[in-house]
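For the sequence shown, numbering that gives the first Met the number 0 assigns the number 0 to the initial residue and increments by one for each residue that follows.
Each residue gets a CB set at the ideal place from its N, CA and C atoms; glycine is no exception.
These notes concern the structure reproduced below.
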Amino acid sequence: MEAVLELCGVAKDYPGHRAVDSVSLRLERGGFYSLLGPSGCGKTTTLRMIGGFETPTSGEVRLNGVNVNALRPWQRDVSTVFQNYALFPHLTALRNVEFGLRERRAPDYAARALRALELVQLTAKRDSLPAQLSGGEKQRVALARSLVLEPQLLLLDEPLAALDPRLRKQMRAELKAMQRQTGITFLFVTHDQEEALSLSDKLAVMNRGRIEQFGSPEEVYLRPATAFVAGFLGGMNWFGNTGVRPESTRVTQTVPQGARARQGTVESILFLGNYVHLNARLEDGKRAVAELTRDQSRFAEGETVWLHWQPADELHFK
Ligand code: ATP
């Protein structure tokens with residue numbers, strides 16, 4: 000498959016600090032990609048170098064095989080949706096969406112802008128100013144404004160961060176649908192693992208300026224390359240050097256047969272709606288969590304139990 004974007008050993012130094020450290024990445028056309036990592040790991044800096052808002056200290060940013068390091072943001076066929084939307088406050092929703100096309104003197108700007116507003120289901124708010132729109136609606140305008148330019152690559156910097164959890168989930172599904180509908184390659188930055196896992200064809204997990212793993216959601220979750228990736232993508236119990244996910248950790252009152260097991264004491268049981276988290280303290284003082292269905296949970300706080308798991312569910316790291 001053809002690569003839209005290639006990062007080749009890209010690094011960014013700020014005085015006394017390396018924010019991005021030799022990052023290499025290849026994005027194929029038409030995919031939904033995410034950059035996932037904790038605050039300060041270098042996600043935004045990486046995105047800004049791709050968009051042309053920062054210059055790499057070393058390495059190359061290539062779009063369609065061409066080194067674009069020296070090109071300004073507007074000279075690249077890349078569009079960015081910022082976290083704070085960055086809408087023009089004095090322009091209506093429609094005018095905001097038209098803006099980039101008018102700058103480019105696209106003759107069919109009016110029809111294209113209307114189609115983009117339709118795509119984000121905001122036709123009814125075309126004449127509203129940003130101040131008259133809700134957070135979710137502003138986000139849709141920002142998205143339409145970028146989509147309408149039909150860029151080779153759309154960069155999204157935590158675009159759902161300001162939305163309430165319900166709207167966030169709804170927008171998440173809509174984003175994915177829009178990506179599929181337009182065929183534009185999306186690169187989505189987030190520190191929310193659920194968001195990255197549910198949206199991406201492939202995600203890059205970043206830590207301290209480096210990509211620790213790049214793979215499909217199943218690969219990074221089920222076969223994490225490092226202990227950091229394993230811990231960042233979900234809960235993890237550590238039995239010595241062996242990692243076991245809470246959903247693979249079982250609990251019994253009697254000694255289990257044939258499985259690997261540790262004894263512990265139930266510290267608390269948290270009801271989480273459709274499942275229950277049993278928190279236990281092991282004999283070595285460490286804590287472990289078992290995710291159980293409601294009917295599996297017949298345990299009491301203070302009770303001595305066995306936590307056990309199957310060898311196939313073990314994760315090992317160097
Ligand atoms: P967040 O999720 O909090 O937005 P991030 O992963 O996007 O974090 P970056 O914004 O890329 O992280 O920052 C990476 C590191 O570089 C951080 O330690 C940050 O303090 C530092 N940094 C970012 N921009 C600058 C700058 N202009 N000057 C100096 N240091 C910077």
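Where the beta strand (DSSP E) containing residue i begins and where it ends
{"i": "Val-265", "result": "259-270"}
{"i": "Ala-18", "result": "16-27"}
{"i": "Leu-306", "result": "303-308"}
{"i": "Thr-334", "result": "In this structure the chain extends from 0 to 317, so residue 334 is not present and cannot be described."}
{"i": "Leu-90", "result": "Careful: Leu-90 lies outside any beta strand (DSSP E) and carries neither H nor E."}
For residue i, the residue or residues it bridges with in DSSP
{"i": "Glu-59", "result": "Cys-7"}
{"i": "Ser-296", "result": "Bridge partners of Ser-296: none, in fact."}
{"i": "Trp-237", "result": "Gly-242"}
Secondary structure of residue i, DSSP reduced to three states
{"i": "Leu-289", "result": "As written in the sequence, residue 289 is Ala, which differs from the Leu given in the question. Here Ala-289 sits in strand by DSSP."}
{"i": "Leu-277", "result": "strand"}
{"i": "Phe-98", "result": "helix"}
{"i": "Arg-249", "result": "strand"}
{"i": "Thr-225", "result": "coil"}
{"i": "Gln-212", "result": "strand"}
{"i": "Met-205", "result": "strand"}
{"i": "Phe-185", "result": "strand"}
{"i": "Ala-130", "result": "helix"}
{"i": "Asp-312", "result": "helix"}
{"i": "Leu-174", "result": "helix"}
{"i": "Thr-54", "result": "coil"}
{"i": "Leu-155", "result": "strand"}
Of the residues the options, the one placed nearest residue i, counting alpha carbons only
{"i": "Glu-157", "options": "Gln-151, Ala-141, Glu-149", "result": "Ala-141"}
{"i": "Asn-68", "options": "Arg-94, Met-0, Lys-11", "result": "Lys-11"}
{"i": "Gln-151", "options": "Ala-161, Tyr-108, Arg-171, Leu-62", "result": "Leu-62"}
{"i": "Tyr-32", "options": "Ala-229, Leu-4, Ser-38, Thr-122", "result": "Leu-4"}
{"i": "Tyr-13", "options": "Tyr-108, Trp-308, Gly-208, Asn-278", "result": "Gly-208"}
{"i": "Gln-169", "options": "Arg-103, Ala-287, Glu-194", "result": "Glu-194"}
{"i": "Leu-46", "options": "Ala-18, Gly-64, Val-65, Gly-30", "result": "Ala-18"}
{"i": "Gly-135", "options": "Lys-317, Thr-184, Phe-52, Ala-161", "result": "Ala-161"}
Span of the alpha helix (DSSP H) around residue i
{"i": "Ala-110", "result": "108-118"}
{"i": "Ser-197", "result": "192-198"}
Checklist entry - Can at least three beta-carbon pairs, one atom from the region 268-288 and one from the region 68-76, be found at a separation below 8 Å? => result No, they do not touch.
Checklist entry - Counting Cβ pairs closer than 8 Å, one from the region 49-62 and one from the region 81-91, do we hit at least three? => result No contact exists between the region 49-62 and the region 81-91.
Checklist entry - Using 8 Å as the threshold, is the region 120-136 in touch with the region 90-98, meaning 3 or more CB pairs across them? => result Short answer: they touch.
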